[in-house]
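Enquirer: Reminder that position 3 of the sequence shown reads as 7 in the numbering used here, one-by-one numbering, no gaps.
Don't be surprised by glycine CBs; every beta carbon is placed ideally from N, CA and C.
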Amino acid sequence: MVTLPLAIILLALYLQNLVNAYAVGPRPRGQTDRVVRTRGKLHLLSTVSGDSFGVPSLHGIEAPFSGAASMHASNASASSYAANVESGLRLIQTTSPSTAPKWCSMEQILALVRTRTGFLDLTQSVPLQQPPLQFPHEPMDPFLYSRIPSTNAKLTSHILANVSSSIMVRWLETLSTSFLNRHHQSSEGHLAARWVMDKCLNLEDVRPDNPRIRFSVVKFMHPWGQSSVIARIEKVDDASAVVAEDVNNLKEGTGKSKADSEPIVILGASLDAFNLYNPMSGAAPGANENGSGSSVIFEVLRVLLTIGFVPDNAIEFHWYSGSGFGLLGSQQIASHYRTKGRKVAGMYNVARTGWDPKAKSFHFLNSIAVASDDRKTGISKMLKGIATSEFKIVERDCGFACSDHYSWLQAGYPATHTFEADEEAVSPFLHQASDDMDAISFTRMYQFSRIAMKFAVGMSKRN
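1) Give the secondary structure of TYR352 by DSSP, where H, G and I count as helix, E and B as strand, and everything else as coil.
2) Buried or exposed, going by whether 16 or more other CB atoms sit within 10 Å of the CB of HIS162?
3) Give me, in chain order, the residues of the same chain whose beta-carbon lies closer than 7 Å to that of SER384; leave out the 5 immediate sequence neighbours on both sides.
4) Quick one: what's got a C-beta closer than 6 Å to GLU249's C-beta in the same chain, skipping five residues either side?
5) Taking its Cβ as the centre, do 16 or more other Cβ atoms sit within 10 Å of ILE13, making it buried, or is it exposed?
6) Is any heavy atom in the ligand FMN found nearer than 8 Å to the beta carbon of GLY350?
7) Residues bridged to ALA273 by DSSP?
8) Spatial neighbours of GLY312 within its chain, please: C-beta separation below 8 Å, excluding the five flanking residues on both sides.
9) Unbroken alpha helix (DSSP H) runs of length 4 or more, entirely within the region 157–189: which are they?
10) Would you kindly work out how many angstroms separate the C-alpha atoms of ALA318 and ALA437, rounded to a whole number?
11) Using beta-carbon positions only, say whether PHE423 and ARG400 come within less than 9 Å of one another.
12) Using a Cβ-Cβ cutoff of less than 6 Å, which residues in the same chain neighbour LEU179 once the five nearest sequence positions on both sides are dropped?
13) Helix, strand or coil for HIS421, going by three-state DSSP, please let me know.
14) Which residues mark the beginning and the end of the beta strand (DSSP E) in which VAL374 is found?
15) Let me know the secondary structure DSSP gives THR127 once reduced to three states.
16) Are the Cβ atoms of TRP107 and LEU116 separated by less than 9 Å?
17) What are the boundary residues of the alpha helix (DSSP H) that GLN336 is part of?
18) Name the one or two DSSP bridge partners that PHE302 has.
19) So what does DSSP say about GLN451, is it helix, strand or coil?
20) According to DSSP, simplified to helix, strand and coil, what is GLU399?
21) Can you give the Cα-Cα distance for SER225 and ARG466, rounded to whole angstroms?
22) Can you grab the Cα-Cα spacing for the pair ILE237 / SER83, in whole Å?
23) Can you tell me whether MET110 is buried or exposed? The criterion is at least 16 other CB atoms within 10 Å of its CB, across all chains shown.
24) Given ALA443, which residues of its chain have a CB within under 8 Å of its CB, disregarding the five upstream and five downstream residues?
25) Identify whether THR98 lies in helix, strand or coil by the three-state DSSP scheme.
26) What's the C-alpha gap between ALA415 and GLN128?
27) Grouping DSSP H, G and I as helix and E and B as strand, with all else coil, what is CYS406?
28) Please identify the residue among PRO105, PRO283 and VAL167 whose C-alpha is closest to the C-alpha of ARG306.
29) In or out: GLU428 buried (at least 16 other Cβ within 10 Å) or exposed?
30) So that I know if they touch, is there some Cβ in chain C lying closer than 9 Å to that of LEU434?
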């Protein structure tokens, strides 16, 4: 018979195991959950590091005194830095990359959000010491960008027929109603990221067996609770060398994807959602901001996997954590890719695709803006060429740190973004409980899914 003290000890150990199993804190550097499917079999590999499977080792950055703080050490010693962080302050940069960051309270940060002021949270970031105009690789030939719209017309007509508004409805409805909010530090935000990862893994059930395609899903761990999620489709040139029963063969030089040495294509969307007036525990369905963008890029991923699309350049789909509080997740990922020397052909950030501005002003009906601050690579001009088939395009600068594509621009990569044609066209429900399914136009989301599909397909094919 188990004595009461022993029962208490056993119960405590059991509960501790549960906590460890579902811990939301960061793992040791370079460790990540990784899922790879080869020859019809799904492999879940935990705590894998290195560049296996063509995906870089992913980890959050946990240095206690690094990033912008080290760049501005004259403003604060290491001890005062730690004291500021301990008291809940964050190191925030606004206006421009040359502006010195300042320590801000949460109320000051929320004031920036209310006024739609772009900002970066540099508290835990690693700065890029090289000028942002220096690319880690030669940017794509601008003439290639100009050819993509015509290439898309040849490649995507049958692919676009597979886009389903009803599937996007169900996906977004579940995301926006299953969690109280998706704050990057809340347990709900952590669970939402796990849900997105599970939905990506479930796509294994719908895609055909094709030894030329490798599909992988990873969690990018951050020092806060919510991870980012990255799914990747790539072509495997030497598929015969991959032995499904022995995952140890899946390493550099064995079944290696040629896409590893080629620039990748990225579709990104922010995953988090928070209530402007009660960030941690207030209701924030985040249907438009940015469940709609997350749903759009998931639909592109679903369609490409379902039809067995084989890209020449690998395509990655990123769901970013902590976007609403200073582009936290995308900053760490873009910095990581830059540090690892990863090549990026182009990044398109998909955001707020569900609000139809005709509810506020007929003038902006069926109009969008394409971000112009793209380091003159030609990628924004290319995206305009694609988007004109769906919307009227308005010339507009989205400003400093306006969305997650800015993290990639800062890292020296070609990146672009679509957003509202005017401030009057912005949804009045952002970061509130009313940003729900009733405020969503799935006709508009369908249009954005077509743009994102054309971008991904056109950028990933070389001929």
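Expert: Checking against the coordinates, here is how it stands:
1) Within the sequence shown, residue 352 is the residue found at index 348, counting from 1. Looking at TYR352 - three-state DSSP - the assignment turns out to be strand.
2) If you number the sequence shown from 1, residue 162 lands on position 158. Its Cβ having fewer than 16 others within 10 Å, HIS162 is exposed.
3) Indexing the sequence shown from 1 puts residue 384 at position 380. Closer than 7 Å at the Cβ level, and outside the excluded window around SER384, lie VAL374, ALA375, SER376, ASP378 and THR420.
4) On the sequence shown, position 245 is the one that residue 249 refers to. Any answer about GLU249 is weak, because its pLDDT of 30 lies below 50 and its placement is not dependable; what the coordinates show is given next. Excluding sequence neighbours, GLU249 sits near nothing in its chain.
5) Stepping through the sequence shown from its first residue, residue 13 is reached at position 9. Here ILE13 scores only 41 on pLDDT, less than 50, and its place in the model should not be relied on; the value that follows carries that caveat. ILE13 should be labelled exposed.
6) This structure lacks the ligand FMN; in fact it carries no ligand of any kind.
7) Position 269 of the sequence shown, counting from 1, holds the residue named residue 273. Per DSSP, TRP323.
8) Position 308 of the sequence shown, counting from 1, holds the residue named residue 312. ARG211, PRO212, ASN214 and ILE217, listed in sequence order.
9) 161–164 and 169–181
10) As a working note, residue 318 is residue 314 in the sequence shown. As a working note, residue 437 is residue 433 in the sequence shown. Those two C-alpha atoms are separated by around 37 Å.
11) As a first step, residue 423 must be located in the sequence shown, where it is residue number 419. As a first step, residue 400 must be located in the sequence shown, where it is residue number 396. By the CB criterion at 9 Å, PHE423 and ARG400 fall inside the cutoff.
12) On the sequence shown, residue 179 is found 175 positions in, with the first residue counted as 1. Once the five neighbours on either side are set aside, the close Cβ partners of LEU179 are GLY295.
13) By 1-based counting over the sequence shown, the position of residue 421 is 417. HIS421: strand per DSSP, three-state reduction.
14) By one-based count along the sequence shown, residue 374 stands at place 370. From DSSP, the beta strand (DSSP E) with VAL374 extends over 371–375.
15) Position 123 of the sequence shown, counted from the first residue, corresponds to residue 127. In the structure shown, THR127 sits in coil (DSSP, three-state: anything other than H, G, I, E or B).
16) Locating residue 107 in the sequence shown gives position 103, counting from the first residue. Locating residue 116 in the sequence shown gives position 112, counting from the first residue. Not closer than 9 Å, so no.
17) Mapped onto the sequence shown, residue 336 falls at position 332. First-last of the alpha helix (DSSP H) with GLN336: 332–344.
18) Here residue 302 corresponds to residue number 298 of the sequence shown, with the count starting at 1. None, per the DSSP bridge assignment.
19) As a position in the sequence shown, residue 451 is number 447, starting the count at 1. Three-state result, GLN451: helix.
20) The sequence position of residue 399 within the sequence shown is 395, counting from 1. If DSSP states are grouped into helix, strand and coil, GLU399 belongs with the strands.
21) Here residue 225 refers to the residue found at position 221 of the sequence shown. Here residue 466 refers to the residue found at position 462 of the sequence shown. Looking at the sequence provided, one finds Met at residue 225 rather than Ser. The straight-line gap from Cα to Cα measures roughly 32 Å.
22) The residue given as residue 237 occupies position 233 in the sequence shown. The residue given as residue 83 occupies position 79 in the sequence shown. Separation of ILE237 and SER83 (C-alpha to C-alpha, rounded to the nearest whole angstrom) is 45 Å.
23) For the purposes of this step, residue 110 is identified with residue 106 of the sequence shown, where counting begins at 1. It counts as exposed.
24) Here residue 443 corresponds to residue number 439 of the sequence shown, with the count starting at 1. Contacts found: ALA291, ASN292, GLY358, TRP359, SER431 and PHE433.
25) One-based indexing of the sequence shown puts residue 98 at position 94. Note: THR98 maps to strand in three-state DSSP.
26) To locate residue 415, count along the sequence shown from 1; it is residue 411. To locate residue 128, count along the sequence shown from 1; it is residue 124. Roughly 16 Å between the two C-alpha positions.
27) The sequence position of residue 406 within the sequence shown is 402, counting from 1. Three-state result, CYS406: coil.
28) Within the sequence shown, the letter at position 302 stands for residue 306. The shortest C-alpha separation from ARG306 is found at VAL167.
29) Against the sequence shown, residue 428 aligns to sequence position 424. So GLU428 counts as exposed.
30) You won't find chain C in this structure, because it holds only one protein chain.
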